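Chemist: I'd like to ask some things about the structure below.
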Amino acid sequence: MKKILTGIKPSGVIHLGNYLGMIKEVIEFQGKYEIFLMIADLHAQTVPYSPKELRKLTLDIAKSLVALGVDPKKTVLFKQSDVPAHLYLYWILGCLVSEGDLRRMHEYKEQKEKHKENVGAGILMYPVLMAADILIYNADLVPVGKDQEQHLELTRELVRKFNNKFGKLFKIPQVYIPSETSKIMSLTNPLKKMSKSEPEGCLEIFENEKRIKEKILKAVTDSEAVVKYDPEKKPGISNLMTIYKYLTKKSYHEIEEEFKNKGYYEFKLAVYKAFMNFFKEKRERKKRLSDSYIQKLLILGAKKANKVANENLEKILKATGLR
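Numbering of the sequence shown is given in our numbering, commencing with residue 551 and proceeding in unit increments.
If you want it as structure tokens, here you go:
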């Protein structure tokens, strides 16, 4: 069975973009692939953070993933920091990558601009740890957002360098980017990807129902007041239509017909109702999940992940002369 590795940073709560862009895909892949789903708590340390908040968000993310349909019997759900082999391979790969390649990464440039003088070396080395995350399980497929595609290409290049130098040990992982849902846009700025860093434009799945309704009703549209799919001329309404499409399984044409001669308020209200209906059971399920149950799942997941990672690490250490 082929392997998939993917992860989510505990830097905020899960939003609709996370679900449609990655989590939904992982759930659909369960049973078809051997899936390693990590909560990337080490990656969350690359920007200023609170230890207490990191622990809280890590547990909350795990609870949300299970509530949304991640099955711990079919998917290895674990904390990145519970598998030390990631860091061992991170060092080995870090000695193969060039500094110039890392400085060319888009995310490094963005974070450096954002944090100015406070940017840590972790931001620079982030793609190397990402490569180690993938390769320590020798993953075949990596579902990522469009913004991570450059990092995956660096991973593929590191595989070539490692295999040429130490023997063919790693498979070249394939990138999987869901075409349409790879970029669910912000409700307040439909030209930017939905992000936890902009709370008002971020539709959080387990947020207070009143806040969800407020955000959807305030979503940026245009003055034309026609529900028509046109990403270039009508990015705001087109983004809402994409969301509605996946919540209802209706086509763009069906949505346009449904709201023909109706205003944006009626359409936004329908989006809100569809959202609450789609996630109703999942929101209720999360309330029933206890912290102790989730912690036990993470311990079991770490045990499974360590078994695979350590077996691969032994081969890596032998190939590189460390054993």
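Note that beta-carbon positions come from the ideal geometry of N, C-alpha and C, so glycine has one too. Fair warning: this is a prediction, and the values are worked out from it, not measured in the lab.
With a floor of 3 residues, list each beta strand (DSSP E) that falls wholly inside the stretch 581–642, ordered by position along the chain.
Modeler: Correct list: 584–589, 625–629.
Chemist: Determine contact between the stretch 826–838 and the stretch 772–790, defined as no fewer than three beta-carbon pairs at a distance below 8 Å.
Modeler: No, the stretch 826–838 does not touch the stretch 772–790.
Chemist: Tell me the rounded alpha-carbon separation between residue 514 and residue 726.
Modeler: Nothing can be reported for residue 514: it is not among the residues displayed for the chain, which extend from 551 to 873.
Chemist: What do you reckon, are the CB atoms on residue 570 and residue 794 nearer than 8 Å?
Modeler: In this structure, residue 794 does not lie closer than 8 Å to residue 570 by Cβ.
Chemist: Are the beta-carbon atoms of residue 779 and residue 802 separated by less than 8 Å?
Modeler: Yes, these two residues count as a Cβ contact at 8 Å.
Chemist: For residue 861, count neighbouring C-beta atoms within 10 Å of its own C-beta (all shown protein chains included) and say buried if the count is 16 or more, exposed if not.
Modeler: Residue 861 should be labelled exposed.
Chemist: Alpha carbon to alpha carbon, how far is residue 589 from residue 611? Give it in angstroms, no decimals.
Modeler: One C-alpha to the other measures close to 8 Å.
Chemist: Under 8 Å Cβ to Cβ from residue 763, same chain only, skipping five residues before and after it: list those, please.
Modeler: Closer than 8 Å at Cβ, skipping near neighbours: 822.
Chemist: Should residue 752 go down as buried or exposed, given a rule of 16 or more other Cβ atoms within 10 Å for buried?
Modeler: The residue in question, residue 752, is buried, as its Cβ has 16 or more Cβ neighbours within 10 Å.
Chemist: Is the Cβ-Cβ distance between residue 639 and residue 685 less than 8 Å?
Modeler: Closer than 8 Å, so yes.
Chemist: Enumerate in chain order the residues of its own chain whose CB-to-CB distance from residue 720 is below 7 Å, with the five nearest sequence positions on each side excluded.
Modeler: Counting only Cβ-Cβ distances below 7 Å, and skipping sequence neighbours, we find 685, 688, 709, 712, 713.
Chemist: Using alpha carbons as the reference points, say which of 736, 741, 706, 700 lies closest to residue 724.
Modeler: Ranking the options by Cα distance to residue 724, first place goes to 706.
Chemist: Within the continuous alpha helix (DSSP H) that includes residue 576, where are the two ends?
Modeler: From DSSP, the alpha helix (DSSP H) with residue 576 extends over 574–579.
Chemist: I'd like to check one pair, residue 591 with residue 631: are the Cβ atoms closer than 8 Å?
Modeler: Taking 8 Å as the Cβ cut-off, residue 631 and residue 591 qualify as a contacting pair.
Chemist: Does the beta-carbon of residue 656 have 16 or more other beta-carbons within 10 angstroms, so that it is buried, or is it exposed?
Modeler: Exposed, because fewer than 16 other Cβ atoms sit within 10 Å of the Cβ of residue 656.
Chemist: Is any heavy atom of the ligand NAP found at a distance shorter than 7 Å from the C-beta of residue 675?
Modeler: Among the components of this structure there are no ligands whatsoever, and the ligand NAP is therefore not found.
Chemist: Quick test of your reading: residue 877 and residue 572, contact by CB under 8 Å. State the CB separation rounded to the nearest angstrom.
Modeler: The structure shown does not extend to residue 877, since the chain spans only 551 to 873, so no value can be given for it.
Chemist: State the DSSP-derived secondary structure class of residue 655, mapped to helix, strand or coil.
Modeler: DSSP places residue 655 in coil when its eight states are reduced to three.
Chemist: Report the residue from 737, 621, 843 whose alpha carbon sits nearest the alpha carbon of residue 577.
Modeler: Looking at the Cα atoms, 621 is the closest of the given residues.
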